[in-house]
């Protein structure tokens with residue numbers, strides 16, 4: 005009999021979702037929940053198709069983390085691409101019927117496709133680099149790409165907040181991206 009994956013939602017995740025619901029004046033909370041749930045569901049569906057066991061699902065303030073069994077580079081890339089592909093399909097399919105869902109899905113796809121490991125784009129880049137360059141070279145280059153992307157995005161976000169007066173949202177985005185960056189990336 006297969007073991008069911010464990011599930012955990014951090015207190016920070018629950019508080020962030022409650023705060024989002026409370027301050028949401030634009031009606032984006034439920035489109036976000038639907039888009040994020042279908043994004044993760046697409047990952048889980050492809051993992052199931054690849055017959056990769058799911059050990060745990062954890063919800064953090066920076067997003068969901070699905071811990072799995074071992075995968076090959078091709079399987080890793082397919083599983084990583086599934087979530088953003090679902091978001092893009094939602095954005096295209098609901099662009100006229102539900103513009104809020106289209107907006108949220110587009111933003112989630114763009115965020116998740118950033119080449120920052122462990123985001124989906126970073127997982128895609130890492131799988132490709134590991135296949136092309138081997139373990140040591142692939143990991144080094146993937147870490148460097150992640151670090152440069154985060155530094156560039158953080159700089160852009162600070163500029164948008166300070167020079168373009170877009171409020172704190174860009175800085176909040178930069179902080180979430182910095183939190184997503186693995187602690188070993190500075191060793192690239």
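Numbering (the working numbering), first residue to last: 5 to 192.
Note that the Cβ used here is the ideal one computed from N, Cα and C, for glycine as well.
Using 8 Å for Cβ pairs, my map puts residue i next to residue j. What's the rounded Cβ distance?
i: residue 72; j: residue 95; result: Not confirmed; about 26 Å, so no contact.
i: residue 171; j: residue 165; result: 7 Å
i: residue 185; j: residue 120; result: 6 Å
Classify residue i: buried if its beta carbon has 16 or more other beta carbons within 10 angstroms, exposed otherwise.
i: residue 7; result: exposed
i: residue 4; result: Any answer about residue 4 is impossible in this case: the structure gives the chain only from 5 up to 192.
i: residue 28; result: exposed
i: residue 59; result: exposed
i: residue 140; result: exposed
i: residue 74; result: exposed
Can you list, in chain order, the residues of its chain with a C-beta nearer than 6 Å to that of residue i? Leave out the 5 residues immediately preceding and following it.
i: residue 62; result: 12 and 69
i: residue 52; result: none
i: residue 135; result: 77
i: residue 115; result: none
i: residue 88; result: 113, 116, 117 and 124
i: residue 92; result: 113
i: residue 99; result: 106
Keeping to the same chain, check which residues put their C-beta closer than 8 Å to that of residue i; ignore five residues upstream and five downstream.
i: residue 81; result: 127, 128, 131 and 132
i: residue 118; result: 125, 126, 153, 157 and 181
i: residue 183; result: 65 and 66
Helix, strand or coil: which one does DSSP assign to residue i?
i: residue 72; result: strand
i: residue 62; result: strand
i: residue 177; result: helix
i: residue 13; result: strand
i: residue 7; result: coil
i: residue 56; result: coil
i: residue 122; result: coil
i: residue 24; result: helix
i: residue 163; result: helix
i: residue 98; result: coil
i: residue 117; result: coil
i: residue 138; result: helix
i: residue 31; result: coil
i: residue 47; result: helix
i: residue 185; result: coil
Tell me, which residues are paired with residue i by DSSP?
i: residue 67; result: 64
Can you find the residues in the same chain that come closer than 7 Å, C-beta to C-beta, to residue i, ignoring five residues on each side of it along the sequence?
i: residue 33; result: 24 and 25
i: residue 79; result: 54 and 56
i: residue 37; result: none
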